[in-house]
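Take a look at the structure set out below.
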Amino acid sequence: MSHSNPPSPRRFTSAGPLTGRIAVPGDKSVSHRSLMLGALAVGETRVTGLLEGEDVLATATAMRAMGATITRDDDGTWSIHGVGVGSLLQPEQALDMGNSGTSTRLLMGLVASHPIRAVFTGDASLSKRPMERVIEPLSQMGANFEASPGGTLPLMLRGISPAVPLTYRLPVASAQVKSAILLAGLNTAGITTVIEPVPTRDHSERMLRGFGAKLEVGEENGERVIALHGEADLQPQAIAVPGDPSSAAFFAVAALLVPGSDLLIENVGLNPTRAALFDVLRDMGGRIDELDRREVGGEPVADLRVRHSPLTGVEVDPAVAPAMIDEFPILFVAAALAQGKTTTRDLEELRVKESDRLAAMAAALTLAGARVEEYGDGLVIEGTGGDPLPGTADATAIATHLDHRIAMSMAVAGLASRNGVEVDDVSPIATSFPTFERLLAEAGA
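Residue numbers for the sequence shown follow my numbering, beginning at 9 and rising by one.
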């Protein structure tokens, strides 16, 4: 998980249209939460469609270390026998989170209200990511932290029980911070409340209710208010994880950009707090049709038919950013081949992801021949009008900075280039989408 192996460079080139049908792996956010909440429910939770990427496996390993029994059947179904809220065990060794910010921040919330101590470590990329945004509210609930300079990993967390219920207004839109506080509230007597000035993905709220937690969502003064009643008694569930919209995004953009493409992406989760990219791509002229819209595991799902389309640049409304924050790297690729200018702003959050995604994508697209201006809070991209990008020169590779979304986004850029795009290391893709290259081959790219 630490990506300490030698880099695995690869050149991605155009190889014809994307056609047929594919199914992307399970939603990463839902997969993480299935394992965590299943580990806190007494009895057996069964999960189908779990994303088996390194990030999610890091969560599974951590929950095993704290007492849960987690196994995988031959048919791909995962079985989780939980220990119950309040009964997590002291892990004997440090919890290695690999590259997963979601695992780290949400598990910090779980541990914070249990009387145990845990050391969190991660790879070089994760160890640069800010944890103060989680440390602050959890400290107010009574947890104690010893973190590296700047509030980063490695860090030691000493949980407390009983913890103190908290009312906390998020200073920055973050589903991870919200979820960490709510998870801490599960083992905290009283009502733990999170106030969201800007709504973020709501998988935690949906799944907490599904497991039987008493949770209320309302609105006050235009802000979203989530109130969780502790101490919760969670009931085991059967969960079908929908396809990850963030993974589907790469194939959707590839099909829009590569002439002749007509691709069906099956079983894509379309939670309204996650699906804004597809709306933006439609605004740009992309032909993306929803087929057989339905509900799976409490989440809206549809099959997406995506056909090659001439795109036009747009000014992206900052209000939609929380509902597509992980999809901006691949949107930047779509913008690079659109007609006219695409403007994005208020995206400072992208600078503290697995990499500085604004700087990394500006540099990568420029190296591939795109016209990009980088600002403090966003990018302005002047598209080619549909013409392929030149691509990267021989023996010249774009830097992924151990960031899976940079690697996959620039792989898609390579499919829409004349000479191909060299990616310096594709190994980080395994953190979230281990079947990415196989599905590209299946689709004919």
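Even glycine gets a Cβ: it sits at the ideal position worked out from N, Cα and C.
Local Cβ density within 10 Å of residue 107, reported as buried at 16 or more and exposed below that:
buried
Of the residues 96, 97, 60, the one placed nearest residue 79, counting alpha carbons only:
Selection 96, 97, 60 evaluated against residue 79 yields 60 as nearest (Cα-Cα).
So, residue 129 versus residue 63, is the Cβ gap smaller than 8 Å?
At a Cβ-Cβ threshold of 8 Å, residue 129 and residue 63 do not count as neighbours.
Assess contact between the stretch 300-313 and the stretch 379-393, defined as three or more Cβ pairs (one per stretch) separated by less than 8 Å. Is contact present?
no
Note down, in chain order, each residue of its chain lying with its Cβ closer than 6 Å to the Cβ of residue 362, except the 5 sequence neighbours on either side.
Excluding sequence positions up to five before and after residue 362, its CB lies within less than 6 Å of the CB of 133, 411, all in the same chain and listed in chain order.
Where residue 254 falls, given that 16 or more other Cβ within 10 Å makes a residue buried:
buried
Using 8 Å for Cβ pairs, my map puts residue 368 next to residue 414. What's the rounded Cβ distance?
5 Å
Grab the span of the beta strand (DSSP E) containing residue 227 for me, first residue to last.
222-228
Beta-ladder partner(s) of residue 165, from DSSP
Paired residues: 126, 153.
Uninterrupted alpha helix (DSSP H) stretches inside the stretch 315-351 (no shorter than 4 residues):
Complete alpha helix (DSSP H) runs here, min 4: 336-344.
What are the boundary residues of the beta strand (DSSP E) that residue 238 is part of?
231-238
Inspect the CB distances between the stretch 270-283 and the stretch 69-86 and report whether three or more fall short of 8 Å.
no
Look at the alpha carbon of residue 351 and the alpha carbon of residue 386, and state the distance between them as a whole number of angstroms.
8 Å
The stretch 186-194 contacting the stretch 84-91, beta-carbon criterion three pairs below 8 Å
no
Nearest residue (CA-CA) to residue 141, options 175, 165, 119, 179:
179
Hey, out of 181, 200, 166, 257, whose CA is closest to residue 238's CA?
200
Spatial neighbours of residue 70 in its chain, beta-carbon cut-off 6 Å, leaving aside the 5 residues before and after
103, 115
I'd like the ranges of any beta strand (DSSP E) spanning at least 3 consecutive residues and lying wholly in the stretch 352-417.
379-383, 386-390
Might you give, ordered along the chain, the residues of its own chain that have their beta carbon closer than 7 Å to the beta carbon of residue 252, omitting 5 neighbours on each side?
32, 33, 34, 35, 36, 59, 277
Residues in its own chain within less than 7 Å of residue 208 by CB, not counting five upstream and five downstream?
181, 182, 183, 186, 281, 330
So, for residue 20: in the same chain, excluding its five sequence neighbours on each side, which residues have a beta-carbon less than 7 Å away from its beta-carbon?
419, 422, 423, 428, 429, 431
With H, G and I counted as helix, E and B as strand and the rest as coil, what does DSSP make of residue 425?
strand
What separation, rounded to the nearest whole angstrom, lies between the Cα atoms of residue 248 and residue 305?
5 Å
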